[in-house]
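Counting the sequence shown from 1 gives a position; our numbering is that position plus 6.
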Amino acid sequence: NMDSWAFNHQVSATTPGTIFLDDIEYSNALPTSSSPTVNISPTSFNYGSVSSGSNSSSQTFSISGSNLTGAPGNITISAPNSDFQISSDNTSFGSSANIAYSSSTLNSTNFYVRFSPQSAGSKSGNLGISGGGLSSTPT
């Protein structure tokens, strides 16, 4: 949006045609999206068949974010259930992992997920994402 200002002053034989402006302050900040957001890639992965009690190879995912609050802070990525494990370093796996951010922007950062089925049958779930001022978990 462009703002325009128009000054109208009618000049007549008895009114001089001069306009004086003094001490004018105008501020018009452009609206920005201030809601924290994160993006995860890939958005899904199929681990195939894995025997119960075993671990699959880990799959690399990346997370990035913008407009994050509370810097420095952590984004916590949580496994959907005990059939999945999360890691920030591809070595130590558990039910969650923290991804540190130092400003309102999180550059693309890898994390790792492996499938560790506790019983036979098809398994699925969505990762939980929290921190950074996020108001809902992306799916």
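Built from N, CA and C at the ideal position, the CB exists for glycine as well.
- Using a Cβ distance threshold of 7 angstroms, T75 and G134 do not count as a contacting pair.
- Apart from sequence neighbours up to five positions away, the residues of its chain that approach S40 with a beta-carbon distance below 8 angstroms are N73, ordered along the chain.
- Judged by beta-carbon spacing, S62 lies beyond the 7 angstroms limit of S125, meaning their Cβ atoms are not closer than that value.
- Here F51 carries a coil assignment [DSSP, helix/strand/coil].
- Look at N132 here: in three-state DSSP terms it is coil, with no helix or strand label.
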